[in-house]
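A.B. asks: With UniProt numbering, the residue at position 99 of the sequence shown is 99, and numbering never jumps.
Can you keep this structure in mind? I'll have questions shortly.
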Amino acid sequence: MTQYSLQQLFTQFPPEMFGVKLPLYQHKALDAITACRTQKMGSHSQYCEQGHLCGVYYNSCRHRGCPQCQTVRREQWLADWSARLLDTQHHHWIFTCPHELLPLWRFNRAWFQGLLFNSVAETLKKLFADKQHLGVQAGFLLALHTWGRNLSDHPHIHCLMTHGGLDDTGKWQQPRRKSLLPVEVVKRLFRGKLIAQISAGLSKGELTLPNGQTSTSVNNLLNKLGRVKWQLYACKPYSHGFGVAKYLARYMSGGALKNHQIIKIKDGQVHFSYRDHRTKKMEKNRDSHS
């Protein structure tokens, strides 16, 4: 069976071949991945303790999107966060935003991802501190993913939370109710905070508007989204947080598409596999023009 790689894909089908214009950070990623462990990166020599030459190896690019360079980084990330996890039950929640906001996301990625983190963090801190719920300071880890498993744009925040927290006296408190926090309240508060921050950024002129959109049309969209339910996936609690941390580590670096997912490259199309998170089955997809 032929083994394919992103490096092979980017070398065989450069964006210029299809007249695709990419932002600078994507050009840098492509250049790094295609040059990784090749003559372009230069080389280094390894010697044994007796001073004998063991081998000469091409240098790695060390780009966070390169699948060849991320094993050590992922393992280090997992080790660091595993050491911080408390010995208690943990919850894994996933915060998403409506697909109608994707155009704004695409034109304001760095700005938008800051809003996502702030909105989730402020929502959780406020509700955990509320004595009506727990009145504690809980521990949580937030991780941003920007794509779905089928490589569609899908910005969302994974949240790993402790089952409880420290009250004002430093004593550990756990929820007496079945749920950690009321999910519907969390959804509404998160929705309100994110919409309010987008609206504030719009009024300050901080947003780059997509083609065909105006401040009025964006405000109308925000008003519409403020009246509909948003999705929040609240998984059942786990006995420990290591399993979720291990899952998150796989996606912290190395890019959206891994080498082992590529089935074939033919006629300017990439065929790849992914596991559907709803059905748990392996699916196949193809992306035209690489």
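For glycine and all other residues, C-beta sits at the position ideal for the given N, C-alpha and C.
(1) Taking its Cβ as the centre, do 16 or more other Cβ atoms sit within 10 Å of Gln261, making it buried, or is it exposed?
(2) Determine the DSSP secondary structure at Leu85, reduced to helix, strand or coil.
(3) Excluding the five sequence neighbours on either side, which residues of its own chain have a C-beta within less than 7 Å of the C-beta of Ala249, listed in chain order?
(4) Please confirm if the segment 251–270 is in contact with the segment 59–71, defined as three or more CB-CB distances below 8 Å between the two stretches.
(5) Taking Cβ positions, are Lys187 and Trp230 nearer each other than 8 Å?
(6) Return the CA-CA distance between Gln197 and Asn219, expressed in angstroms with no decimal places.
(7) From Gln89 to Pro155, what distance separates their C-alpha atoms?
(8) Could you tell me the alpha carbon to alpha carbon distance between Arg149 and Gln39, rounded to whole angstroms?
(9) Check whether the Cβ atoms of Ser136 and Gly170 lie closer than 8 Å to each other.
(10) My output table needs one value for Asp31: the three-state DSSP class, helix, strand or coil.
(11) Short check: CB of Ile195 to CB of Leu222, under 8 Å?
(12) By Cβ distance below 8 Å, which residues in the same chain neighbour Phe117 in space, the five residues on each side in sequence not counted?
(13) Would you give the residue range spanned by the alpha helix (DSSP H) that Arg109 belongs to?
(14) Give the C-beta separation of Phe190 and Thr123 to the nearest angstrom, bearing in mind that I take them to be a contact with Cβ-Cβ under 8 Å.
(15) Pull the bridge partners of Trp147 from the DSSP assignment, please.
(16) Out of Tyr4, Gly114, Val185, Leu53, point me to the one whose CA is closest to Glu206's CA.
(17) So for Val183, helix, strand or coil by DSSP?
(18) Using the three-state DSSP reduction, which class does Ser273 fall into: helix, strand or coil?
C.D. replies: Judging by the given coordinates:
(1) In the sequence shown, counting from the first residue as 1, residue 261 sits at position 261. Burial of Gln261 is indicated by the presence of at least 16 other C-beta atoms within 10 angstroms of its C-beta.
(2) Taking the sequence shown and counting its residues from 1, the one referred to as residue 85 is at position 85. Looking at Leu85 - three-state DSSP - the assignment turns out to be coil, as it is neither helix nor strand.
(3) If you number the sequence shown from 1, residue 249 lands on position 249. Cβ within range, chain order: Arg74, Trp77, Leu78.
(4) Yes, they touch.
(5) Numbered from its first residue, the sequence shown carries residue 187 at position 187. Numbered from its first residue, the sequence shown carries residue 230 at position 230. By the CB criterion at 8 Å, Lys187 and Trp230 fall inside the cutoff.
(6) Looking up residue 197 in the sequence shown gives position 197. Looking up residue 219 in the sequence shown gives position 219. So the alpha carbons of these two residues sit roughly 12 Å apart.
(7) Here residue 89 is taken as the residue at index 89 of the sequence shown, counted from 1. Here residue 155 is taken as the residue at index 155 of the sequence shown, counted from 1. Rounded to whole angstroms, the separation of the alpha carbons of Pro155 and Gln89 is 27 Å.
(8) On the sequence shown, residue 149 is found 149 positions in, with the first residue counted as 1. On the sequence shown, residue 39 is found 39 positions in, with the first residue counted as 1. Going from the Cα of Arg149 to the Cα of Gln39 covers about 33 Å.
(9) Taking the first residue of the sequence shown as 1, we reach residue 136 at position 136. Taking the first residue of the sequence shown as 1, we reach residue 170 at position 170. The sequence shown places Val at residue 136, rather than the Ser named in the question. The answer is no: Cβ separation not under 8 Å.
(10) Locating residue 31 in the sequence shown gives position 31, where the first residue counts as 1. Asp31 falls in the helix class under three-state DSSP.
(11) The count along the sequence shown starts at 1 and reaches residue 195 at position 195. The count along the sequence shown starts at 1 and reaches residue 222 at position 222. Yes, the Cβ-Cβ distance between Ile195 and Leu222 is below 8 Å.
(12) Counting from one through the sequence shown, the residue named residue 117 turns up at place 117. Contacts found: Leu142, Leu144, Ile157.
(13) Taking the first residue of the sequence shown as 1, we reach residue 109 at position 109. Where Arg109 is concerned, the enclosing alpha helix (DSSP H) stretches over 109–129.
(14) For the purposes of this step, residue 190 is taken as the residue at position 190 of the sequence shown. For the purposes of this step, residue 123 is taken as the residue at position 123 of the sequence shown. In this structure Phe190 is in contact with Thr123, their Cβ atoms being roughly 5 Å apart against a cut-off of 8 Å.
(15) For the purposes of this step, residue 147 is identified with residue 147 of the sequence shown, where counting begins at 1. Trp147 pairs with Asp153.
(16) The sequence position of residue 206 within the sequence shown is 206, counting from 1. Nearest Cα to Glu206 within the set Tyr4, Gly114, Val185, Leu53: Gly114.
(17) For the purposes of this step, residue 183 is taken as the residue at position 183 of the sequence shown. Reduced to three states, the DSSP call for Val183 is helix.
(18) Numbered from 1 along the sequence shown, position 273 holds the residue referred to as residue 273. In the structure shown, Ser273 falls within a strand segment according to DSSP collapsed to helix, strand and coil.
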